[in-house]
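The block underneath contains the structure these notes are about, expressed in structure tokens.
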Amino acid sequence: MASCSSLNFTAISSKPQKPPSSSISSPPVQRPFTSHLSFSKSSSLHSDQTLFRTHCGILPPPNGAGFVVFGCARKADPLRIMISGAPASGKGTQCELITKKYGLVHIAAGDLLRAEIAAGSENGKKAKEYMDIGKLVPDEIVVTMVKERLNGPDSQEKGWLLDGYPRSSSQAIALKEFGFQPDLFILLEVPEEILVERVVGRRLDPITGKIYHLKYSPPETEEIATRLTQRFDDTEEKVKLRLQTHHQNVEAVLSMYKDITVKVNGSGSKQEVFAQIDGALTQLEQKQGKLGTVVA
Ligand SMILES: Nc1ncnc2c1ncn2[C@@H]1O[C@H](COP(=O)(O)OP(=O)(O)O)[C@@H](O)[C@H]1O
């Protein structure tokens, strides 16, 4: 008999049987008997769709028919992804493309911190002191902030894409202790000389939230060009400090997720980079969401 971990449907018996207890990972599902159960997954999942995983269950016998079907009930269990990379490695751009296709909630540690700064909170003031010198903001500020966001009903329902966290082993451990485990850890790799050039020319449209680059992705109109802003830490001097911090920490973080890490070459066009990520996510979907058919 196939087990639930193999994600296959299985066994139909002509008389009622009890399943081995180890094959049940969720309570019996009460649903009418059907002679043909077809669980098919759409080939691609879009923003309003959720990845499903299988859970073994029992379909009760029909009145007098004497059949018991061990099937797999479907339970929504959305994707949980982490994305990491040096400053300006393209995390923001790729996160936009990923969330658009997979409907995950994008949680960026840097954005949460900048929101605290903009709100003028005590945490924001303290965070800015560290961000100004390209250092990691202390865990007592960042960890709680991220945890609350991950616990939000939207993240729980749709799944999450965590960007820029964890940046140290202590942050990874904290997350694990809170019960958050990713399915995939994406590392964007880009040569350093490209990174500095990308950072220095990076600009943000505060109205649309769109990211531009003065040379590689200039604003479409003069009106947009005049309202573009630059992040306070996007200077050459500060990006070099941020890169140093990144290099000091990345190996420790990677070592905690080595079994689920996919390294992506981030130096191509945004579509080329996304194609690699999309491939990895599609594979993950197939591995986790493979659903079969059972005929009674
Ligand atoms: N997980 C984190 N832990 C501590 N500090 C962080 C974290 N994420 C972001 N920061 C702070 O915010 C700054 C900006 O981060 P971010 O917006 O992700 O940009 P980048 O990845 O380009 O540095 C970092 O240089 C760091 O000071």
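To convert, note that position 58 of the sequence shown is 58 in our numbering; the numbers rise steadily by one, no gaps. Ideal Cβ positions, reconstructed from N, Cα and C, are used throughout, including at glycine. Small disclaimer: the values here were computed from a predicted structure and weren't measured.
Distance check for TRP160 and SER47, CA to CA, integer angstroms please.
The residue you call residue 47 lines up with position 47 of the sequence shown. The residue you call residue 160 lines up with position 160 of the sequence shown. Any answer about SER47 is weak, because its pLDDT of 34 lies below 50 and its placement is not dependable; what the coordinates show is given next. Spanning the alpha carbons of SER47 and TRP160 requires a straight line of approximately 12 Å.
Beta carbon of LEU228, beta carbon of TYR216: below 8 Å?
The residue you call residue 228 lines up with position 228 of the sequence shown. The residue you call residue 216 lines up with position 216 of the sequence shown. No.
Between the Cα of ALA115 and those of ILE98, PRO206, CYS95 and GLN248, spot the shortest distance and give me the residue it belongs to.
To locate residue 115, count along the sequence shown from 1; it is residue 115. Residue nearest to ALA115 within the set ILE98, PRO206, CYS95 and GLN248 is PRO206 (criterion: CA-CA distance).
On the DSSP letters alone, give me the boundaries of the alpha helix (DSSP H) that ASN265 sits inside.
For the purposes of this step, residue 265 is taken as the residue at position 265 of the sequence shown. Here ASN265 belongs to no alpha helix (DSSP H); instead the beta strand (DSSP E) covers 261-265.
Name the residue from GLU285, LYS125, GLU189 and LYS101 whose alpha carbon lies nearest to the alpha carbon of VAL250.
For the purposes of this step, residue 250 is taken as the residue at position 250 of the sequence shown. Closest option to VAL250, Cα to Cα, is GLU189.
Hey, ASP139 and SER170 are a contact pair by Cβ (cut 8 Å); roughly how many whole angstroms apart?
For this step, residue 139 is matched to residue 139 along the sequence shown. For this step, residue 170 is matched to residue 170 along the sequence shown. The pair is a contact, with the Cβ atoms about 6 Å apart (cut-off 8 Å).
Quick check: the stretch 115-126 against the stretch 90-106, are at least 3 beta-carbon pairs closer than 8 Å?
Touching, no.
With a cut-off of 8 Å, do at least 3 Cβ pairs link the stretch 142-159 to the stretch 102-114?
Result yes; three or more Cβ-Cβ pairs closer than 8 Å.
Determine, using beta carbons only, whether PHE185 and SER255 come nearer to each other than 8 Å.
The sequence position of residue 185 within the sequence shown is 185, counting from 1. The sequence position of residue 255 within the sequence shown is 255, counting from 1. It is not a contact, given that the beta carbons lie outside the stated cut-off.
What does a CB cutoff of less than 7 Å around VAL199 pick up in its chain, not counting 5 residues either side in sequence?
Here residue 199 corresponds to residue number 199 of the sequence shown, with the count starting at 1. Around VAL199: PRO87, ALA88, ASP234 and VAL239.
Would you mind sorting GLY179 into buried or exposed? The rule is 16 or more other CB atoms within 10 Å of its CB.
In the sequence shown, the residue the question calls residue 179 occupies position 179. The residue is exposed, with fewer than 16 neighbouring Cβ atoms inside 10 Å.
Hey, how far is the Cα of MET297 from the Cα of LEU175?
Limits of the chain in this structure are 1 at one end and 296 at the other, which puts residue 297 out of reach.
Could you give the DSSP three-state label for ARG231: helix, strand or coil?
Looking up residue 231 in the sequence shown gives position 231. Three-state DSSP puts ARG231 in coil, outside helix and strand.
CB of THR245 within 8 Å of CB of GLY110, strictly:
As a first step, residue 245 must be located in the sequence shown, where it is residue number 245. As a first step, residue 110 must be located in the sequence shown, where it is residue number 110. Not a contact, by the Cβ cut-off of 8 Å.
Please state the DSSP three-state secondary structure of SER155.
Start at 1 with the first residue of the sequence shown, and residue 155 comes out as number 155. Here SER155 sits in helix by DSSP.
Any non-hydrogen atom of ligand 1 closer than 7 Å to ALA108 Cβ:
Taking the first residue of the sequence shown as position 1, residue 108 is located at position 108. Answer for ALA108: yes, Cβ within range of ligand 1.
Reduced DSSP secondary structure (H/G/I, E/B, other) of ARG53:
Here residue 53 corresponds to residue number 53 of the sequence shown, with the count starting at 1. Annotation note: pLDDT 40 at ARG53 (below 50); position unreliable, coordinate value reported separately. Three-state result, ARG53: strand.
Unbroken beta strand (DSSP E) run spanning SER255, endpoints:
In the sequence shown, counting from the first residue as 1, residue 255 sits at position 255. Following the DSSP letters along the chain, one finds SER255 in no beta strand (DSSP E) but inside the alpha helix (DSSP H) bounded by residues 236-256.
Between the beta-carbon of LEU187 and the beta-carbon of LYS263, is there less than 8 Å?
Looking up residue 187 in the sequence shown gives position 187. Looking up residue 263 in the sequence shown gives position 263. Against a cut-off of 8 Å, the Cβ pair of LYS263 and LEU187 comes out as a contact.
Would you please state the rounded distance, in angstroms, between the beta carbons of LEU284 and ASP183? I believe it to be under 8 Å.
Indexing the sequence shown from 1 puts residue 284 at position 284. Indexing the sequence shown from 1 puts residue 183 at position 183. Contact between LEU284 and ASP183 holds: CB atoms are separated by about 6 Å, below the 8 Å threshold.
ASP111, enclosing alpha helix (DSSP H) - first and last residue
Sequence index remark: in the sequence shown, residue 111 carries index 111 (1-based). DSSP places ASP111 in the uninterrupted alpha helix (DSSP H) bounded by 109-119.
Is the beta carbon of VAL253 sitting closer than 8 Å to the one on PRO166?
Within the sequence shown, the letter at position 253 stands for residue 253. Within the sequence shown, the letter at position 166 stands for residue 166. Contact flag set, yes.
Pick out whichever of TYR130, THR261, GLN230 and ASP278 has its Cα sitting closest to the Cα of LYS100.
For the purposes of this step, residue 100 is identified with residue 100 of the sequence shown, where counting begins at 1. Residue ASP278 is the option with its Cα nearest to LYS100.
Flag MET82 as yes when its Cβ comes closer than 7 Å to any non-hydrogen atom of ligand 1, and as no otherwise.
Translated into positions along the sequence shown, residue 82 becomes position 82. Checking the Cβ of MET82 against ligand 1 gives no.
Would you mind working out which of LYS258, LEU112, PHE232 and ILE194 sits nearest SER269, comparing C-alpha positions?
Sequence index remark: in the sequence shown, residue 269 carries index 269 (1-based). For SER269, the closest alpha carbon among the candidates LYS258, LEU112, PHE232 and ILE194 is that of ILE194.
Could you give the C-beta distance for LEU113 and VAL143, rounded to a whole number, given that I count them as a contact under 8 Å?
What you label residue 113 is simply residue 113 of the sequence shown in a count that begins at 1. What you label residue 143 is simply residue 143 of the sequence shown in a count that begins at 1. About 12 Å; that fails the 8 Å criterion.
Leaving aside the five residues before and after GLN181 along the sequence, list all residues of the same chain whose C-beta is less than 6 Å from its C-beta, in chain order.
Start at 1 with the first residue of the sequence shown, and residue 181 comes out as number 181. When the five nearest sequence neighbours on each side are left out, no beta carbon in the same chain lies closer than 6 Å to the beta carbon of GLN181.
Three-state secondary structure assigned by DSSP to PRO60:
On the sequence shown, position 60 is the one that residue 60 refers to. Confidence is the limiting factor: at PRO60 the pLDDT is only 48, short of 50, which leaves the residue's position unreliable and the question unanswerable from this model.
Would you say the beta carbon of TYR165 is closer than 7 Å to some non-hydrogen atom of ligand 1?
Translated into the one-based positions of the sequence shown, residue 165 becomes position 165. Annotation for TYR165 indicates a beta carbon within 7 Å of some heavy atom of ligand 1.
Distance between ILE260 and PHE232 (C-alpha atoms, nearest Å):
One-based indexing of the sequence shown puts residue 232 at position 232. One-based indexing of the sequence shown puts residue 260 at position 260. The C-alpha of ILE260 is placed about 34 Å away from the C-alpha of PHE232.
Determine, using beta carbons only, whether VAL196 and GLU236 come nearer to each other than 8 Å.
Walking along the sequence shown from the start, residue 196 turns up at place 196. Walking along the sequence shown from the start, residue 236 turns up at place 236. Cβ atoms of VAL196 and GLU236: closer than 8 Å.
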